[in-house]
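Participant: The numbering of the sequence shown is the numbering used here, which starts it at 1 and goes up by one.
In this text, a Cβ means the ideal position worked out from N, Cα and C, and glycines have one as well.
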Amino acid sequence: MPDITSIAYCGPAAVPDDLLARWNLDPVLLAGLAALAVALAGGRSAHARAGWGALALMVVIFVSPLCALSSALFSARVLHHVLLIAAVAPLLALAFPLRRLPSPPLSLLVGLQGVVLWVWHMPIPYEWGLATVPTYWLMQISLLGSAFLLWRAVLAPAIPAGPALVALVGTVAQMGLLAALIVFAPRALYEVHVASTQAWGMSPLADQQLAGLLMWVPASLPYLGVGLWLAWSSLRPAEPAA
1 MPDITSIAYC
11 GPAAVPDDLL
21 ARWNLDPVLL
31 AGLAALAVAL
41 AGGRSAHARA
51 GWGALALMVV
61 IFVSPLCALS
71 SALFSARVLH
81 HVLLIAAVAP
91 LLALAFPLRR
101 LPSPPLSLLV
111 GLQGVVLWVW
121 HMPIPYEWGL
131 ATVPTYWLMQ
141 ISLLGSAFLL
151 WRAVLAPAIP
161 AGPALVALVG
171 TVAQMGLLAA
181 LIVFAPRALY
191 EVHVASTQAW
201 GMSPLADQQL
211 AGLLMWVPAS
221 LPYLGVGLWL
231 AWSSLRPAEP
241 AA
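1. Helix, strand or coil for L18 per DSSP?
2. Please state if the CB of A72 and the CB of A164 are separated by a distance shorter than 7 angstroms.
3. Could you tell me the distance, in whole angstroms, from the CA atom of S70 to the CA atom of L155?
4. To the nearest angstrom, how far is it from the Cα of P240 to the Cα of G11?
5. At the level of alpha carbons, what is the spacing between P186 and A167?
6. Mapping DSSP to helix, strand and coil, what is W137?
7. Between the C-alpha atoms of A254 and L98, what's the straight-line distance to the nearest angstrom?
8. Put F148 into one of helix, strand or coil per three-state DSSP.
9. Within this structure, are the beta carbons of P123 and Y190 separated by less than 7 angstroms?
10. Rounded to whole angstroms, what is the Cα-Cα separation between F62 and G176?
11. Using the C-alpha atoms, what's the distance from W216 back to Y223?
12. Counting Cβ pairs, one atom from each stretch, are 3 or more of them under 8 angstroms apart for the region 80–88 and the region 54–61?
13. Check the C-beta distance from A206 over to F74 and give it rounded, since I have them as a contact under 8 angstroms.
14. Report the CB separation of P65 from L19 in whole angstroms; it is logged as a contact under 8 angstroms.
15. Taking L79 as the reference, give the member of G43, L214, R22 with the closest Cα.
16. Report the three-state DSSP secondary structure of I61 (helix, strand or coil).
17. Can you give the Cα-Cα distance for A188 and A39, rounded to whole angstroms?
18. What three-state label does DSSP hand T197 in the structure shown?
19. Secondary structure at V166, three-state DSSP: helix, strand or coil?
20. At the level of alpha carbons, what is the spacing between V192 and G225?
21. Between the Cα of A173 and the Cα atoms of S220, P105, L149, L25, which residue gives the shortest distance?
22. The ligand SAM heavy atoms versus the CB of A31: any closer than 6 angstroms?
23. Closer than 7 angstroms by C-beta to Q113: which residues in its own chain qualify, once you throw out the five before and the five after it? Chain order, please.
24. If you draw a straight line from the alpha carbon of V183 to that of L29, how long is it in whole angstroms?
25. For Q113, does the three-state DSSP call read helix, strand or coil?
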């Protein structure tokens, strides 16, 4: 079983007594967040509020004690991933739509996000992704990047509501299937968190089941919300041309 102190980023697994003091002040990370803040303050985003919202959430994910908690609990790690792909990614897609860059077909983007999500939540790749700083950031960037590309396409004005809705439903379906497999697994699969769950009064299996529920319900809400908005928008009569 891997030692929990082998988690390369966010440090050793947090315990209740030291959680509130476990802020991540990595200078490279802070410089990247500061660069994003400068871009937003300079008016380089298409939707400033969305950009600032994404920045605030990235501070919660990577700087706040949630980072150290995600070293201890698989459920906290999944919450981290849910916020990254279902909240930060769509906000960044609104703030930086990059309309001049071509967008791959929606079916390809749905498949890409599905593959990335499933691969990083398989036990061996998951533990590999926490073993070194480069693999940790490979995990984060690939999750965020694939989600950003999908949200950018779904939210693009040129995409008809029908294909966008199908993409959202397909994404929720594959995410729900992965979550169900995690919830109903007969044993704890993520050994890197087994020792640290005891400090939080949880069994490894209960921690894993909570993680699956977080991926099953809260993660789907932004996709369902945007889907309902797209469906409602498509039903409204077009405004007459002036």
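Facilitator: Taking the coordinates as given:
1. First, the amino acid is wrong: residue 18 is Asp here, not Leu. If DSSP states are grouped into helix, strand and coil, D18 belongs with coil.
2. In this structure, A72 does not lie closer than 7 angstroms to A164 by Cβ.
3. 30 angstroms
4. Low local confidence applies: a pLDDT of 49 at P240 is under 50, so the model's placement there is unreliable, and no value is given.
5. Cα to Cα, the separation comes out at about 31 angstroms.
6. helix
7. One cannot answer for residue 254 here, as it falls past the ends of the chain, which runs 1 to 242.
8. helix
9. For P123 and Y190, yes; Cβs fall inside 7 angstroms.
10. 25 angstroms
11. 12 angstroms
12. yes
13. That pair is no contact at about 10 angstroms.
14. Taking 8 angstroms as the upper bound for CB-CB distance, P65 and L19 are in contact here, some 5 angstroms apart.
15. L214
16. helix
17. Computed Cα separation, rounded: 43 angstroms.
18. helix
19. helix
20. 34 angstroms
21. The candidate whose alpha carbon is nearest that of A173 is S220.
22. Ligands in the displayed structure: none, and consequently the ligand SAM is not present.
23. S146, A147, L150, T171
24. Near 33 angstroms, if we compare the C-alpha coordinates of L29 and V183.
25. helix
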